[in-house]
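Just so you know, we're using the UniProt record's numbering here: the sequence shown kicks off at 1 and counts up by one. Everything below concerns the one structure shown next.
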Amino acid sequence: MNIQIFKGFGHVLLEVTYALLPLVILFLLFQLFFLKLNRRKLFNIGKGILLSFLGLAFFLQGVHVGFFPVGEMIGEKLGSLSFNWILVPIGFIFGFVATFAEPAVRILNHEVEKVSGGSISQKVMLYTLSIGVAFSIALSMLRILLGIPLWYFIIPGYLIALILMYFSSKRFTAIAFDSGGVATGPMTVTFILAIGVGVASEIDGRNPLLDGFGMIALVALSPIISVLTLGLLYEGKGRQHNNDHHKQGA
Numbered sequence: 001m002n003i004q005i006f007k008g009f010g011h012v013l014l015e016v017t018y019a020l021l022p023l024v025i026l027f028l029l030f031q032l033f034f035l036k037l038n039r040r041k042l043f044n045i046g047k048g049i050l051l052s053f054l055g056l057a058f059f060l061q062g063v064h065v066g067f068f069p070v071g072e073m074i075g076e077k078l079g080s081l082s083f084n085w086i087l088v089p090i091g092f093i094f095g096f097v098a099t100f101a102e103p104a105v106r107i108l109n110h111e112v113e114k115v116s117g118g119s120i121s122q123k124v125m126l127y128t129l130s131i132g133v134a135f136s137i138a139l140s141m142l143r144i145l146l147g148i149p150l151w152y153f154i155i156p157g158y159l160i161a162l163i164l165m166y167f168s169s170k171r172f173t174a175i176a177f178d179s180g181g182v183a184t185g186p187m188t189v190t191f192i193l194a195i196g197v198g199v200a201s202e203i204d205g206r207n208p209l210l211d212g213f214g215m216i217a218l219v220a221l222s223p224i225i226s227v228l229t230l231g232l233l234y235e236g237k238g239r240q241h242n243n244d245h246h247k248q249g250a
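Spelled out as structure tokens, the structure:
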């Protein structure tokens, strides 16, 4: 298969320019009227913007020529297997490693640890989100195999999230819903979604439009449930620690 690596790269550069240009203009307005940063800081910010521009452009081009085609080919091969039940454990593994490598997840975890004063560690958050997304991808593969409608998972899932919200603290509720958006980052959307579409296109009786999509909705839901569950565990440990402390004081 002959793939031209930089085919359509000009269009990608234009899209990234349109995406970053409003942010750059807004920053320049703030710099002109409010920030008044010195030249050294402006130079460093300019280097960062340039690196972001190049990084986004090369990443999107890599998605176009690499992630999407490879993901679809992997999905088609897995969907054509006679023992395609193996899609469920493989989906779990793919979901775990994709989230583990997700840059946005790392940033969120770092911010959570910093703001919480280290009480919620990056490592705990990373494994919580990775396991949650892994379960959602495994369920998505099972849904494709059995032809289960998406709302059979979405409605009960959000009902569970609402119940957990009632018992969870405000800080974990806020973190949980941000986690849902962060987990649906470029690694998951570009690679896992392509695999799901490829699988649905190979299994008899499945429509890629109906069965291949909907996976990202589950990915967005699963971190909410997993982080809210983590919050209940943390609060349970906190209450137990306080009870033990009071008993010792008595």
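Cβ coordinates follow ideal geometry from the N, Cα and C atoms, glycine included. On a predicted model such as this, the values are computed, not experimentally measured, just so you know.
At a Cβ threshold of 9 Å, is L145 touching chain C?
This model lacks chain C altogether, as it is built from one protein chain only.
Can you name, in chain order, every residue of its own chain whose Cβ lies under 7 Å from the Cβ of F191, other than the five neighbours on each side?
So the list reads F67, G71 and A98, once near-sequence residues are dropped.
Beta-carbon contacts of T188 that lie in its chain and below 8 Å, excluding the five residues immediately before and after:
Only G95, A98, T99, E102, V133, I216 and V219 meet the Cβ criterion.
Whole angstroms are fine: how far does the CA of G185 sit from the CA of H64?
Approximately 16 Å, taken between the alpha carbons.
Does G231 pass the burial test, meaning 16 or more other C-beta atoms within 10 Å, or should it be called exposed?
Answer is buried; the Cβ neighbour count reaches 16.
If you run the structure through DSSP and keep just helix, strand and coil, what is A101?
Here DSSP, grouped into helix, strand and coil, assigns A101 to coil.
For L54, three-class secondary structure by DSSP:
Residue state, collapsed to three classes: helix.
Look at the alpha carbon of G212 and the alpha carbon of L193, and state the distance between them as a whole number of angstroms.
Computed Cα separation, rounded: 8 Å.
How many Å lie between F58 and Q4 at the Cα?
Using only the alpha carbons, I get a separation of about 14 Å.
Under the three-state DSSP convention, the category I148 falls into:
Coil.
Would you kindly check if the distance between the Cβ of S179 and the Cβ of S226 is under 9 Å?
S179 sits close to S226, with the two beta carbons spaced by under 9 Å.
Can you say whether R40 is buried or exposed, counting buried as having 16 or more other CB atoms within 10 angstroms of its CB?
Classification of R40: exposed, given that the 10 Å Cβ count is below 16.
Touch check for the region 151 to 166 and the region 112 to 127: three-plus C-beta pairs under 8 Å?
Output reads no: the region 112 to 127 does not touch the region 151 to 166.
Anyone know if the C-beta pair for Y234 and S52 falls short of 9 Å?
Going by beta carbons, Y234 and S52 fall outside the 9 Å limit.
Cβ-Cβ separation, L60 to V12 (assumed contact under 8 Å), whole Å:
V12 to L60, Cβ: 5 Å. Contact.
Since K77 is in the alpha helix (DSSP H), which residue starts that stretch and which ends it?
Element bounds for K77: F68 to G79.
From which residue to which residue does the alpha helix (DSSP H) around H64 run?
Annotation: H64 is outside any alpha helix (DSSP H) and is labelled neither H nor E by DSSP.
Report all residues from its chain with a CB closer than 7 Å to the CB of L32; omit the five preceding and five following residues, and keep chain order.
Setting aside the 5 residues that flank it on each side, L32 has no residue in the same chain whose C-beta is closer than 7 Å to its C-beta.
Please list the terminal residues of the continuous alpha helix (DSSP H) segment that includes V189.
Counting along the chain, V189 sits inside no alpha helix (DSSP H), nor does DSSP assign it H or E at all.
L35 Cβ short of 8 Å to the ligand COA heavy atom set:
Only the bare structure without any ligand can be found here, which leaves the ligand COA out of the picture.
Straight-line gap, P22 to R206 (C-alpha atoms, nearest Å)
About 42 Å.
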